[in-house]
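K.L.:
Numbering (this note's numbering), first residue to last: 15 to 157.
All C-beta atoms in this analysis are idealised placements derived from N, C-alpha and C, irrespective of residue type, glycine included.
Note that the structure is a prediction, hence the values are computed from the model and not measured.
The structure's right below; bear with me while I get my questions together.
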């Protein structure tokens, strides 16, 4: 199959989709659905981070204390993963996370899914975006 150079130059998937979507009536449910959405753009703060403050991103700093780790049961079953319903109240709040491997850290969660969490973690006096599987969390505490 041969495609000439003019066809390649004139073909633009996004423009093709936008032209088709414009033909749909406003009430049509698929008008707003784009199979190839553009990459999200966020307002940029210092070092490429979203601006400080809870509505647009993490707070300006983390709490200056480390909470004691909850006592682990010596007898009985240990959970394989943290329940997403248990950590969901920690959204947009300070949470201290103790991973199964490594040292604990402060986090500001922006997403809790069925198997993972994501948000910002406090690392070397700055917030860094992170994601983590719920199976990697040993325990957590919200503040």
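(1) Secondary structure at residue 94, three-state DSSP: helix, strand or coil?
(2) For residue 130 versus residue 145, is the C-beta distance shorter than 7 Å?
(3) According to DSSP, is residue 142 part of a helix, a strand, or is it coil?
(4) Based on the DSSP output, what are the partners of residue 153 in its beta bridges?
(5) I need the DSSP call for residue 32, collapsed to helix, strand or coil.
P.N.:
On the basis of the data shown:
(1) On the chain shown, position 80 is the one that residue 94 refers to. In the three-state scheme derived from DSSP, where H, G and I count as helix and E and B as strand, residue 94 is classed as coil.
(2) Within the chain shown, the letter at position 116 stands for residue 130. Within the chain shown, the letter at position 131 stands for residue 145. Contact annotation: residue 130 and residue 145 have beta-carbon atoms nearer than 7 Å.
(3) The count along the chain shown starts at 1 and reaches residue 142 at position 128. In the structure shown, residue 142 falls within a strand segment according to DSSP collapsed to helix, strand and coil.
(4) Taking the chain shown and counting its residues from 1, the one referred to as residue 153 is at position 139. Beta-bridge analysis with DSSP links residue 153 to 112.
(5) As a first step, residue 32 is located in the chain shown; it is residue number 18 there, counting from the start. Its pLDDT being 43, under 50, residue 32 is placed unreliably in this model, and the value from its coordinates should be taken loosely. Under the three-state reduction of DSSP, residue 32 is assigned to helix.
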